[in-house]
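Notes follow once the structure below has been shown.
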Amino acid sequence: MPNRDDDFPPSPKDDYAKLRGHYATPKHPVVLAHGLLGFAELRIAGEWLPAVHYWRGIRDALVANGVEVITTTVPPSGSIEMRAERLAQNIAQDARGKNVNIIAHSMGGLDARYMISHLRPKKVAVHSLVTVASPHRGSAFADYVFDHIGQDFLPSIYKFVEGIGMDTGAFQQLTRHYMAEEFNPRTPDDPNVRYFSYGAMMDAPPLLSPFRQSHRIITKAEGANDVDQSLEVDVAQNSRGRTQI
C-alpha cells in the first residue's frame, strides 16, 4: 500500500518491521472492526449534516489502492461475545467465503480474537489479524473507574445506561483482572492465523482536554499510553511486531 503522506516518513522502532514506501495490494479483503462505543457511520442530524465515519480516510485510502474493504458494525458497548457474534455475521455476509485480513481497533481486537478462537464460523476464513491499540491485558483506566464507582452504585449506573438503549456487557470485561484471569487463558491463538499487534503513545494532552485525566491515571499505573491504554497493554504477548507512534 503506497505511503500517501510524504511529510511523515516511516520510523519503525521494532526489529520485525521493515516499512517501505510501497506495498503490494492485499489479495484478500480487509475487514475493519471498530472499538468500544464505535460505529461504521454516524449521522447526528440525519441528512442535514455530513455523516461521521469511524474509519475516516482509512477506508478511502485502502479502496484507492484496489483493496476490497468490509466495514463492520457491532453493538457499541455489548459484551465481547455479543460483538464477536455480530462481527462474524458481518464478515460471513460480505466476504462471501473469501479469506479475509482483519484490522481491528481497540476493543475490536478482542472481538476478533474471540471470534477466531471460539466461534470459528464456517463461512469466515481469517488469514491475518492486526490489532491497533487493543487492551489485550485489560485497561488500567477501567480498573480505576470501577474502583471509584464502587459496587453499591454500579447497578444504578448500569440501569441508566440500559435505559438509554445501550448494553453494559463490555465495561467490566475491559478490566485487567478479567483479561488476565478469564479472557486470555480461554482465548488461545489459532495457529493458522497470523497475528500482529501495534500500540501507540502520546505526550500529556492539553490542560483542558477531556483525555488528560485518563492519560495521567494510565501513565501512573503502566507508563506510556495513548490516553486509552498503555503500550504494554496494546501489544499482545505473542506479538510479532511493535510500532510506537
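Heads up: the sequence shown is residues 949 to 1193, going by this note's numbering.
C-beta atoms are modelled at their ideal positions from N, C-alpha and C, and glycine is treated no differently.
#1: Spatial neighbours of N1132 within its chain, please: CB distance less than 7 Å, with the 5 preceding and 5 following residues excluded, ordered by chain position.
#2: Could you tell me if G1056 is buried or exposed, where buried requires 16 or more neighbouring beta carbons within 10 angstroms of its beta carbon?
#3: Under the DSSP definition of a beta bridge, which residues are partnered with L1077?
#4: Rounded to whole angstroms, what's the CA-CA distance from Q1121 to G1086? Just pull it up for me.
#5: How would you call R1031, buried or exposed, if buried means at least 16 neighbouring beta carbons within 10 angstroms?
#6: Quick one: grab the DSSP three-state call for V1022.
#7: How about the segment 1101-1108 and the segment 1127-1147: do they share at least three Cβ pairs that are nearer than 8 Å?
#8: Comparing alpha-carbon positions, which option in H976, R1034 and A972 lies nearest G1026?
#9: Grab the span of the alpha helix (DSSP H) containing V1109 for me, first residue to last.
#10: I'd like to check one pair, V979 with V1048: are the Cβ atoms closer than 8 Å?
#11: By Cβ distance below 7 Å, which residues in the same chain neighbour I1064 in space, the five residues on each side in sequence not counted?
#12: Relative to the C-alpha of K1070, which residue among A1052, Y1092, K1046 and G1147 is closest?
#13: Assuming T1123 contacts F1094 under a Cβ cut-off of 8 Å, what Cβ separation, rounded to an integer in Å, is found between them?
According to the structure data:
#1: none
#2: buried
#3: I1050 and Y1143
#4: 8 Å
#5: buried
#6: coil
#7: no
#8: R1034
#9: L1102 to G1111
#10: yes
#11: V1074, L1077, D1138 and V1141
#12: K1046
#13: 6 Å
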